[in-house]
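One structure is given here, and the rest of the page talks about it.
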Amino acid sequence: MTAVTLRGRLPGRLQTALGENGALLGLVAIVVVMSLLSGNFLTVTNLLNVGVQAAVTAILAFGSTFVIVTAGIDLSVGAVAALAAVVLAWSAGSAGLPWPIALIIGLAVGVVAGLLNGVLVSFGKLPPFIATLATQGVGRGLALVISAGSPIILPGAVSHLGDTIGSYLPVPVIVMLVMGVITAFLLSRTYSGRAMYAIGGNEEAARLSGIKINRQKLVTYALSGLFAAIAGIVLASRLDSAQPDAATGYELDAIAAVVIGGASLSGGKGRAFGTFVGALILATLRNGLNLLSVSSFWQEVVIGVVIALAVLIDSLRQRNAA
Amino acid sequence: MSEISEISGTSEILRIKGVRKRFPGVLALDGVDFGLRAGEVHVLLGENGAGKSTLIKILSGAYHPDEGEILVAGRPVSIRTASDAQQLGIATIYQEFNLVPQLTVAENLLLGRQPRRFGIVNKRAMLARARELLERAGVDADPRTPVAALGIARMQMVEIARALGMNARVLIMDEPTASLTSGETSKLFDLVRQLRDSGTGVVFITHHLEEIAQIGDRVTVLRDGRSVGEVPADTPEPDLVRLMVGRSIDQQYPREATEPGGGTPLLAVRGLTSDGVFHDVSFDVQAGEVVGLAGLVGAGRTEVIRAIFGADRYRTGEVLVNGVQLPKGDVSAAMKAGLGLVPEDRKGQGLVLGADVGENLGLVTLGRASHAGLVDRGGQRKAAEQIAGRLKVRMSGLGQEARTLSGGNQQKIVIGKWLLADVKVLILDEPTRGIDVGAKVEIYQLINSLTASGHAVLIISSDLPEVLGMSDRILVMSRGRLAGELSTADATQDKVMALAVSAGPDTHESLSSQKEGTTK
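First to last, the sequence lines map onto chains A and B.
Residues 19 to 340, numbered by my numbering, are exactly what the first sequence covers, in order.
Residues -15 to 504, numbered by my numbering, are exactly what the second sequence covers, in order.
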């Protein structure tokens, strides 16, 4: 209640900067607490580490933001990420294609998987949960089939995506920032972006306003697939190989990041910046808890609690607003 | 039995005194008095919007009156929730049934009251109890079949049987015959008479005047939220109609007619048919004209205009805008041709409630304002600001969430987004429902300025004075068909009402049986 009145008094700009639901405040709080608890936390090397750790989740989450804004869900992104990387590595290795072509094929795999989701959801009228769950199974299975279950070495040029330029510029962080800016731009400035908000906010009103719902859903899921492919390639480059079981369960981290960032699973709400902060919160927590030697079992407990709290605060806020 | 009917002759089981209910912007009930005796069928009659629904929602605990008293069996009561109503023995059967279609008849009959021990449902006892209830209601249905497999008529019977199971003393039936064939209706009437004779008080809502004398004992007429008369059920129909609509039109409706343009009609509808929904609907709308589409709720008006706009498909017929035929079920084609629709459900279909005013105003023009996929945000904003100013939308700014605006201002935004798109024919479905008088007049003036600039307006309204006051021509629909056309000069509320409740029983029969056929 007090949070609402407080927000009401804040100037709009500042509110925007703090994120839809004060997620940024949460991130700052976590950073402060971690710095106090561990001397190793607030160092350049460690913070860059957090950035690298956040990168894959953040890129997946940017893609998921499109879908969640339309009130959908994409459970296939982890599997699609693995499949895209495996196909890339296989094309460059076993098929002997030059790496740029292999890269394009890898990205295309993501788009095709996304389009498949989109077709099932829009024309097939399947619930997004089911459609993308099916694609998850197909994607993961194909990754295992193509790789015969073992990691494939990435072509050298592509594996540079995991490098650090100089000693302070990890390429995954750059890719994450670029994808974040692209997401923000797509959501706020393009026809498809605005249509996503309208569809998620009220699909019938959007339809009666002439927005072609099916077409826009195709775009939405295709973007999510493309972002998943990019995330998968970044992940593989850090590991120097494409692994068929990579990114397992990452779709849930991505969804968590989006939701912590202030998006609503019922659609119509969500921003790239919020998602970015959400991904950073998850990565910072994991990193800090590692530094504090908290067992990875307990880490999962803490992260679960944080997700529940973030959404709880959001729903309380909405109830007060209504 | 004889004992009960003796008591019922004298005892009043339900009495409503001076009930008032205000919603933001509208006074829905403005002093309603109503009495129900045990063992009578009391018909509640009134136009759409007269307050019947609000009244039965108050009796079933969905709304609470601002003023007035409700007495059950002479005792003042407060009905706060649906279970309060149930405990007082008041059962309501709505037009949309409260049944869970996937569950069996028995489970529905005893939903929440299944005989059980330690939380485990005793199926045998449940079936036995269900059979007993079905028999008492005279319903021929196996309690083990899922409700979804029953037709509309038998679903209704199951609802009545359930009310019996709750020992209802007051049974409220909201237009129970609206979707029944005449055979089913007479069966329903037998059951209602049987309930009446056993001492139940029945509140019966219907729009079919001919049914009143058949089934009713007394009639209470509601008009503009007030009870305006209580008459015997054998009162002649013209007198009933006069009671329902009796009021004159004043300058509330500032229609300034413009000379309709000749030549190709802006909108032409030819033989539009959708099985079981509407049949063979044809009409023209000329430039500069306001055409009113009147009729009772459920007559098919909304369905027809949704089909015209491409929101729903239809089986046969054609829609032409400026002489060019539109493809079926294609909203964006209809929009491109110059049609705009302000839907009846403002919040559910007109607005993105969680988005801000600017976003909502720009929704229709979003595509036009985009070049190579990029939205011209500055242009969109400027246009939104302009139209919000022209429509005098009261808001804190374009950034205000649409949810937080008043009904009138929300409606201005739904209309505004179409004005920005510069539509040729604007279709308004119940444009002033739930809107205060000031905003109403502003919307009427907007209609005037649209037609003055050569556009056309097709307006659906259940508010008869509004249709009469604002239209140049009135089409009346009844049971899925155009029952007639009236010019404003010789249209009266009585004439419109007479057409709206017209259409012979044979067309009704065929329409209902078609409807049943399609739901199966």
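The beta-carbon is built from N, C-alpha and C at its ideal position, and this holds for glycine as well.
For B/Leu452, the nearest candidate out of B/Ser462, B/Val409, B/Tyr428 (CA to CA): B/Tyr428
What's the call for A/Asn305, buried or exposed, on a 16-neighbour Cβ count within 10 Å? buried
Who are the neighbours of A/Tyr215 on chain B, taking C-beta pairs under 9 Å? Val336, Gly338, Ala339, Glu343
B/Met157 - partner residues in DSSP beta bridges: B/Ile77, B/Phe188
Three-state secondary structure assigned by DSSP to B/Ile(-9): For B/Ile(-9), the predicted structure reports a pLDDT of 43, less than 50, and the residue's modelled location is therefore unreliable. The matter cannot be settled from this model.
Using a beta-carbon distance below 9 Å, is A/Gly292 in contact with chain B? no
Answer with buried or exposed for A/Ile171, where buried requires no fewer than 16 other C-beta atoms within 10 angstroms of its C-beta. exposed
What does A/Asn220 touch in chain B if you count any residue whose Cβ is under 9 Å from its own? Lys331, Gly332, Gln333, Gly334, Leu335, Val336, Leu337, Gly338, Ala339
To be precise: take each residue of the segment 223 to 244 of chain A, compare its Cβ to all Cβ atoms of chain B, and keep it if any distance is under 9 Å. Which residues remain? Ala223, Ala224, Arg225, Leu226, Ser227, Gly228, Ile229, Lys230
Rounded Cβ spacing between B/Leu193 and B/Glu221 (contact assumed at less than 8 Å): 5 Å
Step through the CB atoms of chain A and report whether any lies within less than 9 Å of the CB of B/Ser232. Low per-residue confidence applies at B/Ser232: pLDDT is 42, beneath 50, and the placement is therefore not dependable, though the value from the model is reported in the following sentence. No, B/Ser232 does not count as interfacial toward chain A.
Distance cutoff 9 Å, beta carbons only. Does B/Pro311 sit that close to anything in chain A? no
Identify whether B/Ile444 lies in helix, strand or coil by the three-state DSSP scheme. strand
Looking at chain A, is there any beta carbon in it that lies within less than 9 Å of the beta carbon of B/Ser390? no
Counting along the chain, where does the alpha helix (DSSP H) carrying B/Lys36 start and finish? 36 to 43
If contacts are defined as beta-carbon pairs under 8 Å, then A/Gly136 and A/Lys235 qualify, I think. What distance do you get, rounded to the angstrom? 5 Å
Identity of the residues DSSP links to B/His263 by a beta bridge: Its beta-bridge partners do not exist; DSSP assigns none.
Under three-state DSSP, which class holds B/Glu31? coil
Using a Cβ cut-off of 9 Å (strictly closer), state whether B/Gly135 contacts chain A. no
Label B/Ile233 either buried or exposed according to how many other C-beta atoms from any shown protein chain fall within 10 Å of its C-beta, with 16 as the threshold for buried. With a pLDDT of only 39 at B/Ile233, under the threshold of 50, the placement of this residue in the model should not be trusted, and no figure is reported.
Using the three-state DSSP reduction, which class does B/Ile419 fall into: helix, strand or coil? coil
Is the number of C-beta pairs between the segment 357 to 367 of chain B and the segment 206 to 219 of chain A that are closer than 8 Å three or more? yes
Report the rounded CA-to-CA distance for B/Leu250 versus B/Glu195, giving the unit in angstroms. 41 Å
9 Å is my cut-off, CB to CB: does A/Arg212 come that close to chain B? yes
Assuming B/Lys36 and B/Leu206 make a contact with CB atoms under 8 Å, what is their CB distance in whole Å? 6 Å
Output the distance between the C-alpha atoms of B/Asp284 and B/Asp413, rounded to the nearest integer angstrom. A small correction: the amino acid at residue 284 of chain B is Gly; Asp does not occupy that position in the sequence shown. In a straight line, the C-alpha of B/Gly284 is about 12 Å away from that of B/Asp413.
C-alpha distance - B/Arg202 paired with B/Glu302, whole-angstrom precision: 46 Å
Using C-beta distances below 6 Å, list every residue in its chain close to B/Thr242, excluding the 5 sequence neighbours before and after it, in chain order. Gly272, Thr435, Ala436
Inside the segment 185 to 236 of chain A only - alpha helix (DSSP H) runs reaching at least 4 residues: 189 to 207, 209 to 219, 221 to 226
Closer than 8 Å by beta-carbon distance: list the chain D residues that pair up with A/Lys287, in chain order. The displayed structure is made up of protein chains A and B, and chain D is not among them.
I need the DSSP call for B/Glu221, collapsed to helix, strand or coil. helix
Write down every uninterrupted run of the beta strand (DSSP E) in the segment 305 to 331 of chain B whose length is 3 residues or greater and which is fully enclosed by it, in chain order. 323 to 326
Spatial neighbours of B/Phe81 in its chain, beta-carbon cut-off 6 Å, leaving aside the 5 residues before and after: Met139, Glu143
When the distance is taken between beta carbons, is B/Gln309 closer than 9 Å to B/Gly342? no
Counting only beta-carbon atoms, is A/Thr208 nearer than 9 Å to chain B? yes
Quick check on DSSP: helix, strand or coil for B/Asp48? For the record, residue 48 of chain B in the displayed sequence is His; it is not Asp. Correct three-state label for B/His48: coil.
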